[in-house]
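Here's the structure, in structure tokens; my notes come after.
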Amino acid sequence: MELIQNNPDLSAYLAADEVIDHHHPLVRETAARLAKGAADSYAYARAAYEFVRDAIPHSADSGDPRVTWRASAVLEQRTGICHAKAHALTALLRAEDIPTGLCYQRLAGDGGGGHVVHGLVAVRFNGAWHRQDPRGNKAGVDAQFSLDGERLAWIPDVKSNEMDYPVLYAEPHPVVLDVLKAAPDRPFLWKTLPTAL
């Protein structure tokens, strides 16, 4: 699948905003700590990915009712759903000048009822975009950082009307962000998550 930037200006994929707040002290401190042990930007990207994937539990897996959406809050509270974790990873990567975009999949919802939009990221290395899924591994999910073939949490099943969205967004998609901001807790969020972009 060819990934398409929604903004042709690559610098948009390094920008900070209210969600991808990579100028926040906690984001900078976390990035600096992860960068200390990294030999190069590739090693840093892998370390940041593994940190978000493994050290910040997906709130559905951990049963945490809190809803986070701003990158610094995800790092501070150590919780978030896939979208929030994607925001945190994007901020950590952009903090070290690695172009990163937000991307999405449409997947069948848990229990087979309807669909849900799933969030992930794409990093730019060697002149190409590479999708990564920091959702967090669990039984049946083994996502890995890779520039040599995707190792995502899920591969959409077209027979089930699942799909990969090819667009790479410089900012979170407003349909996703509005729902995250409006949710008082995760049970409410689960009822209002978008089913498509």
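17 is the number that full-length UniProt numbering gives to position 17 of the sequence shown; each next residue is one higher, with no gaps.
We put the beta carbon where it would ideally sit given N, CA and C, even for glycine.
From a predicted model like this one, the values you see are computed outputs, not experimental measurements.
Short CB-CB distance (under 8 Å) between residue i and chain E
{"i": "S11", "result": "This model lacks chain E altogether; it includes just one protein chain."}
Alpha-carbon to alpha-carbon, residue j and residue i
{"i": "R28", "j": "K159", "result": "43 Å"}
{"i": "L26", "j": "P174", "result": "25 Å"}
{"i": "A45", "j": "T192", "result": "32 Å"}
{"i": "H24", "j": "P172", "result": "18 Å"}
{"i": "P187", "j": "D64", "result": "10 Å"}
{"i": "N126", "j": "Y42", "result": "10 Å"}
{"i": "A12", "j": "A128", "result": "16 Å"}
{"i": "H58", "j": "T68", "result": "11 Å"}
{"i": "L147", "j": "P184", "result": "37 Å"}
Sub-8 Å separation of residue i and residue j beta-carbons
{"i": "V179", "j": "L189", "result": "yes"}
{"i": "P134", "j": "V121", "result": "yes"}
{"i": "I56", "j": "G80", "result": "yes"}
{"i": "A48", "j": "L14", "result": "no"}
{"i": "A84", "j": "H22", "result": "no"}
{"i": "A139", "j": "L152", "result": "no"}
{"i": "T195", "j": "G114", "result": "yes"}
Integer Cβ distance of residue i from residue j, believed to fall under 8 Å
{"i": "V123", "j": "L93", "result": "6 Å"}
{"i": "R106", "j": "E162", "result": "6 Å"}
{"i": "M1", "j": "P156", "result": "With 8 Å as the limit, M1 and P156 do not qualify as a contact, their Cβ atoms being about 10 Å apart."}
{"i": "C103", "j": "Y169", "result": "7 Å"}
{"i": "H87", "j": "I20", "result": "6 Å"}
{"i": "D61", "j": "G136", "result": "6 Å"}
{"i": "E18", "j": "R66", "result": "So it is not a contact: roughly 18 Å between Cβ atoms."}
{"i": "L10", "j": "P99", "result": "6 Å"}
Residue i - DSSP class collapsed to helix/strand/coil
{"i": "A31", "result": "helix"}
{"i": "Y169", "result": "strand"}
{"i": "V19", "result": "coil"}
{"i": "W190", "result": "helix"}
{"i": "A39", "result": "coil"}
{"i": "V179", "result": "helix"}
{"i": "L10", "result": "helix"}
{"i": "R124", "result": "strand"}
{"i": "D148", "result": "coil"}
Unbroken beta strand (DSSP E) run spanning residue i, endpoints
{"i": "H24", "result": "Segment: none, H24 is in no beta strand (DSSP E) and carries neither H nor E."}
{"i": "L107", "result": "100–108"}
Opening and closing residue of the alpha helix (DSSP H) in which residue i lies
{"i": "Q77", "result": "71–77"}
{"i": "H83", "result": "82–95"}
{"i": "D61", "result": "59–62"}
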